[in-house]
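Step one of this worksheet: look at the structure below.
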Amino acid sequence: GADAILRRQRARESAARTYARSFPIVPVRASGMTIEGADGRRYLDCLSGAGSLALGHNHPVVDEAVRRTLDRGVPLHVLDLATPEKDDFTDALFATLPGRFRDRARVHFCGPAGTDAVEAALKLMETATGRRGLLAFTGAYHGMTAGALAVTGNVAVKAPLPATGAEVTRLPYPYAYRCPFGVGGDRSAEIAATYTERLLDDPAGGVVPSAAMIMEIVQGEGGAVPAPDGWVREMRRITAEREIPLIVDEVQTGVGRTGAFWAVEHSGVEPDAIVMSKAIGGGLPLAVIVYRDEYDGWLPGAHTGTFRGNTLAMAAGAATLRYVAREGLSERAAAIGARMMSRLDGLRAALPAIGDVRGRGLMIGVELVDPEGPTDSCGARPAAPRTAAAVRAACLRRGLIVELGGRYDATLRLLPPLTITDEEVEAVLDRLADAVAEVSV
Ligand code: PMP
12 GADAILRRQR
22 ARESAARTYA
32 RSFPIVPVRA
42 SGMTIEGADG
52 RRYLDCLSGA
62 GSLALGHNHP
72 VVDEAVRRTL
82 DRGVPLHVLD
92 LATPEKDDFT
102 DALFATLPGR
112 FRDRARVHFC
122 GPAGTDAVEA
132 ALKLMETATG
142 RRGLLAFTGA
152 YHGMTAGALA
162 VTGNVAVKAP
172 LPATGAEVTR
182 LPYPYAYRCP
192 FGVGGDRSAE
202 IAATYTERLL
212 DDPAGGVVPS
222 AAMIMEIVQG
232 EGGAVPAPDG
242 WVREMRRITA
252 EREIPLIVDE
262 VQTGVGRTGA
272 FWAVEHSGVE
282 PDAIVMSKAI
292 GGGLPLAVIV
302 YRDEYDGWLP
312 GAHTGTFRGN
322 TLAMAAGAAT
332 LRYVAREGLS
342 ERAAAIGARM
352 MSRLDGLRAA
362 LPAIGDVRGR
372 GLMIGVELVD
382 PEGPTDSCGA
392 RPAAPRTAAA
402 VRAACLRRGL
412 IVELGGRYDA
422 TLRLLPPLTI
432 TDEEVEAVLD
442 RLADAVAEVS
452 V
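In the UniProt record's numbering, the protein residues as written are 12 to 452.
Listed below in structure tokens is the structure:
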């Protein structure tokens, strides 16, 4: 039974598990946005495999692609040899890239996880520039391997960190609700850009020559914090003027989630490299970097690994990418996300425990605060991680899976599949509103 499974896993698995602590359920079946537990209870899943299930669980298009591939008896694993499935995935992927970037793009298949692709992107740019410094942002999350950890900004629970050797300068991310400069809104982004430029130009500032700047367009683990388009353009200008390659980490934001196929398209900025994983594999492990051909400076064997592109993941991924494009799911994510945020904004007005509602498309954050606490100079109240954990538990009791994130673990993160139905939107918001009201009275 479910209890025995939970007990055995608790006894035998590592203590580092987090999801399993927050959601003591044993999923046995899933379809679309619904997960069914071994006890027969059903849950609406707003976690979507940490954003990797763009089409939800077991979408027929993905299932069929996997089944058809298996039925053909293709080799499931042949390292980096050319296969029709890889060719087809690459076609589908390149078709999603913004035009100017696509024309000069190269792809490198990395290890199976997002962190592998981050690692590859940093190393590629170190090779190309011969520099060792890296520019990253406060609150960033890029992964758990050493290079990816070096540029991650929300490191508290991950410490102690392995020695990375990278000289990382952490620049302020424009987190408007709790701006590091004590000024919120658009002004915070402007100041963050000016500060960045001054710091890079300060001859005594101690910033070493940079191989790359790496950024998320909407910080995911950092609490669904969207960067203003103008700030992204400023970062592109600043890096271009100093010939610093710009790497955009779209592991979580990619494949339509923010309302554009790639989140960097919102700003019109052309990056030098995009890191991709999660949804590009249709729920199966796959990670790549796509970069401008002028950076393709590795010698054969310079960056290798055993699991570089699994045939089933490529088939599931190609089907997902094509379906998101064909069905206009980016536009749908933009529209539904805006509707959800507007209703959540209404809720914020009614419930003082909600300090901030933010996000882009279907990457939404609801930051919980102590309504009695003092406001800071941006007007923000103290973050309330215990309230947030209580709301998460109250959501689970109502059959809703939402995860926490953000600098203070006080942000409810909503990452529903792009295929979420209108009825599911209402159900998610009703259950969430009920849970916040129950906890914060
Ligand atoms: N970059 C970003 C922006 C992510 O959100 C994540 C995972 N949450 C990663 C990198 C790391 O990906 P993975 O967990 O697959 O290693």
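We put the CB at the ideal spot given by N, CA and C, even for glycine.
Legend entry - Straight-line Cα distance separating V129 from A61: One Cα belongs to A61, the other to V129, and the distance between them is close to 17 Å.
Legend entry - Beta-bridge pairing of D367 - partner residues as DSSP gives them: Beta bridge pairing from DSSP links D367 with E378.
Inset, instruction - Return the residue from the list A446, T269, R21 that minimises the CA-CA distance to I347. - result: Closest by alpha carbon: T269.
Inset, instruction - Could you round the C-beta distance between G366 and E378 to whole angstroms and report it? I think they count as a contact, below 8 Å. - result: G366 to E378, Cβ: 5 Å. Contact.
Inset, instruction - Kindly indicate which three-state DSSP category S451 falls into: helix, strand or coil? - result: Of the three classes helix, strand and coil, the one that applies to S451 here is helix, per DSSP.
Inset, instruction - Using 10 angstroms around the beta-carbon of S63, count the other beta-carbons present and answer buried if the total reaches 16, otherwise exposed. - result: Answer is buried; the Cβ neighbour count reaches 16.
Inset, instruction - Pick helix, strand or coil for F192, following the three-state DSSP scheme. - result: Of the three classes helix, strand and coil, the one that applies to F192 here is coil, per DSSP.
Legend entry - Inside the stretch 283-327 only - beta strand (DSSP E) runs reaching at least 3 residues: The qualifying runs are 284-287, 299-303.
Legend entry - Simplified DSSP assignment, three categories, for H277: If DSSP states are grouped into helix, strand and coil, H277 belongs with the helices.
Legend entry - G417 - DSSP class collapsed to helix/strand/coil: Reduced to three states, the DSSP call for G417 is coil.
Inset, instruction - Tell me whether Y186 sits in a helix, a strand or coil according to DSSP, three-state version. - result: Looking at Y186 - three-state DSSP - the assignment turns out to be coil, as it is neither helix nor strand.
Inset, instruction - Measure the C-alpha to C-alpha separation of V413 and N321 and round it to an integer number of angstroms. - result: Approximately 30 Å between the Cα atoms of the pair.
Legend entry - Where the alpha helix (DSSP H) through T163 begins and ends: Premise fails: T163 is in no alpha helix (DSSP H) and is neither H nor E.
Inset, instruction - Report yes or no: do three or more beta-carbon pairs, one from the stretch 67-77 and one from the stretch 298-308, lie closer than 8 Å? - result: Between the stretch 67-77 and the stretch 298-308 there are fewer than three C-beta pairs closer than 8 Å, too few to call the two in contact.
Inset, instruction - Could you check which residue in T430, A400, V439 has the C-alpha nearest to that of T422? - result: The shortest Cα separation from T422 among T430, A400, V439 belongs to A400.
Inset, instruction - Give every residue of the same chain whose Cβ lies closer than 8 Å to the Cβ of A116, excluding the five residues on either side of it in the sequence, and list them in chain order. - result: So the qualifying residues of the chain are F105, L108, V301, Y302, R303, D304.
Inset, instruction - Report yes or no: do three or more beta-carbon pairs, one from the stretch 276-291 and one from the stretch 350-359, lie closer than 8 Å? - result: Too few Cβ pairs lie closer than 8 Å, so no.
Legend entry - Assigned secondary structure, R19 (DSSP; H/G/I helix, E/B strand, else coil): Collapsing the DSSP output to three states places R19 in a helix.
Inset, instruction - Give every residue whose Cβ lies closer than 6 Å to any heavy atom of the ligand PMP, listed in chain order. - result: Summarising the contact set, residues whose Cβ lies nearer than 6 Å to any heavy atom of the ligand PMP are, in chain order, A61, A124, G125, T126, V129, Y152, H153, G154, E227, G231, E232, D260, V262, Q263, S288.
Inset, instruction - Kindly list the residues whose CB is nearer than 8 Å to the CB of F192, restricted to its own chain and excluding five residues on each side of it in sequence; keep chain order. - result: Same-chain partners within the cutoff: P183, S199, I202, A203, Y206.
Inset, instruction - For Q263, count neighbouring C-beta atoms within 10 Å of its own C-beta (all shown protein chains included) and say buried if the count is 16 or more, exposed if not. - result: Result: buried.
Legend entry - Helix, strand or coil at A147 according to DSSP, with G and I counted as helix: Residue state, collapsed to three classes: strand.
Legend entry - Counted within 10 angstroms of its Cβ, other Cβ atoms place E245 as buried (16 or more) or exposed: Under a 10 Å Cβ-count criterion, E245 is classified as buried, with 16 or more other Cβ atoms of the shown protein chains found around its own Cβ.
Legend entry - P256 - containing beta strand (DSSP E), residue span: From DSSP, P256 is part of no beta strand (DSSP E); its letter is neither H nor E.
Inset, instruction - Within the same chain, show all residues whose beta-carbon is closer than 6 Å to that of M155, passing over the 5 residues directly before and after it, in chain order. - result: Taken in chain order, the residues that qualify are T126.
Inset, instruction - In angstroms with no decimal places, state the Cα-to-Cα distance between T101 and A65. - result: Going from the Cα of T101 to the Cα of A65 covers about 18 Å.
Inset, instruction - Starting from D56, trace the alpha helix (DSSP H) both ways and give me its first and last residue. - result: No alpha helix (DSSP H) holds D56; the beta strand (DSSP E) holding it covers 53-56.
Inset, instruction - Please classify residue 491: is it buried, with 16 or more other beta-carbons within 10 angstroms of its beta-carbon, or exposed? - result: Nothing can be reported for residue 491, as the shown portion of the chain is limited to 12 through 452.
Inset, instruction - Could you give the DSSP three-state label for residue 7: helix, strand or coil? - result: Shown here, the chain extends from 12 to 452; a query on residue 7 therefore has no answer.
Inset, instruction - Taking only runs that begin and end inside the stretch 89-155, name each unbroken alpha helix (DSSP H) of 4 or more residues, in chain order. - result: The stretch 89-155 contains these whole alpha helix (DSSP H) runs: 95-107, 110-114, 125-140.
Inset, instruction - Provide the residue(s) that pair with I412 in DSSP beta bridges, ordered along the chain. - result: Bridge pairing for I412: D56 [DSSP].
Legend entry - C-alpha distance - R32 paired with S451, whole-angstrom precision: Those two C-alpha atoms are separated by around 22 Å.
Inset, instruction - Just the C-alpha distance for L440 and I46, rounded to the nearest angstrom, thanks. - result: Taking C-alpha positions only, L440 is separated from I46 by approximately 18 Å.
Inset, instruction - To the nearest angstrom, report how far apart A215 and L362 are at their CA atoms. - result: Straight through space, the alpha carbons of L362 and A215 are spaced by roughly 48 Å.
Legend entry - Continuous alpha helix (DSSP H) stretch holding A360: start and end: DSSP places A360 inside the alpha helix (DSSP H), whose first and last residues are 340-361.
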